[in-house]
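Presented below is the structure to which this report refers.
In the numbering used here, the protein residues as written are 962 to 1273.
Here you go:
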């Protein structure tokens, strides 16, 4: 995704295949172990912007930055502690991903030397941020995406100000896109709607070729709104923007509950509610609900396919 003509991952795969052909080795599909990426996709989950304020617990693990400090080989989502542990464990178990968390008290940077600098990652996940990004952080995020990074923005309904600082995820994500030093002219072709939609099951569009709706983690049919919002798309500002799931009764440029876009060499995904990523378990004292496994939706496949697409 960074634009190099031949990545180390592709080169390693090509040499492996050549070696098998040269030696006449035969791989039996029934006994072969799952393929593991030569260089795992690096994913950074943000926890530096009040993602655990109030009843929110939007972390993959309490071990930060490295979730494997809690359990190096998790087999169940309860092996890691956090309402996003199902998401994190599912990625970890593939062997194709290396996950980290930006801890509370830290700042997003790009081009620095810290272990959590964005230059060391393929994808940044913003799971309902509840404090504004600083000017320097917005510059870092925008340059990260422009130069090939993947950005996963997850909102919540308007008024979901969990830390009572006067800002909610709707305002924070819109501020990122409209008030930065890199490109404030609707860079991604979408804006987050100031809405509070109580419930619903947004449906996927009929596109069998879309890698987010039809990825290696499964087919996406519906998602879940449990007090969330949508986005308005503006293809005249960015022709790459695309709505994938829509609120009932909406299509085209309005009511997009899940959307993707590109900017520079990078990719963007937007999701209008944090309820679908909540697995119902986390740190004690939080009131959580299992949206990840909601039987009326395919939220796990949507989150995982989107992460794969953003990181590829």
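Here a beta-carbon is modelled for each residue, glycine too, at the ideal position from N, C-alpha and C.
Is the distance from the Cβ of residue 1005 to the Cβ of residue 1021 below 7 Å? no
Please list the terminal residues of the continuous beta strand (DSSP E) segment that includes residue 1222. 1217 to 1224
Sort out for me which residues DSSP pairs residue 1114 with in a bridge. 1087, 1231
For the beta strand (DSSP E) holding residue 1007, just list the boundary residues, first then last. 1002 to 1007
Neighbourhood of residue 1164 by C-beta distance below 8 Å, restricted to the same chain and skipping five residues each side: 1182, 1183, 1206, 1207, 1209
The beta strand (DSSP E) that contains residue 1153, what's its start and end? 1151 to 1153
Helix, strand or coil for residue 1168? Go by DSSP, reduced to three states. coil
Could you spell out the range, first to last residue, of the alpha helix (DSSP H) harbouring residue 1049? 1046 to 1055
Assigned exposure category for residue 971 - 16 Cβ within 10 Å defines buried: Its pLDDT being 37, under 50, residue 971 is placed unreliably in this model, and the coordinates cannot settle the point.
Please state if the CB of residue 1083 and the CB of residue 1002 are separated by a distance shorter than 7 Å. yes
Counting only the same chain and skipping the five closest in sequence on each side, list residues whose C-beta sits under 6 Å from that of residue 1235. 1089, 1115, 1117
Should residue 1035 be labelled buried (16 or more other beta-carbon atoms within 10 Å of its own) or exposed? buried
What residue range does the alpha helix (DSSP H) around residue 1261 cover? 1260 to 1272
Just confirm the distance between the C-beta atoms of residue 1148 and residue 1224, as a whole number of angstroms; I'd bet it's less than 8 Å. 5 Å
Quick one: what's residue 1186 bridged to in DSSP? 1161
Here's the rule: buried if 16 or more other CB atoms are within 10 angstroms of the residue's CB, otherwise exposed. What is residue 1062? buried
Tell me the DSSP bridge mates of residue 1207? 1164, 1217
Find out if the Cβ-Cβ distance for the pair residue 1233, residue 1190 is shorter than 7 Å. yes
With a CB to CB cut of under 8 Å and the five nearest residues on each side skipped, what residues in its chain are close to residue 1052? 1004, 1058, 1060, 1265, 1268
What's the gap between the Cα of residue 1162 and the Cα of residue 1018? 23 Å
Alpha carbon to alpha carbon, how far is residue 1229 from residue 1221? Give it in angstroms, no decimals. 5 Å
Does DSSP classify residue 1137 as helix, strand or coil? helix
Cβ of residue 1174 within 7 Å of Cβ of residue 1136? no
Taking 7 Å as the limit between beta carbons, can you name the residues of its chain near residue 1064, skipping five residues before and five after? 1008, 1009, 1025, 1026
Between which two residues does the alpha helix (DSSP H) harbouring residue 1096 extend? 1096 to 1107
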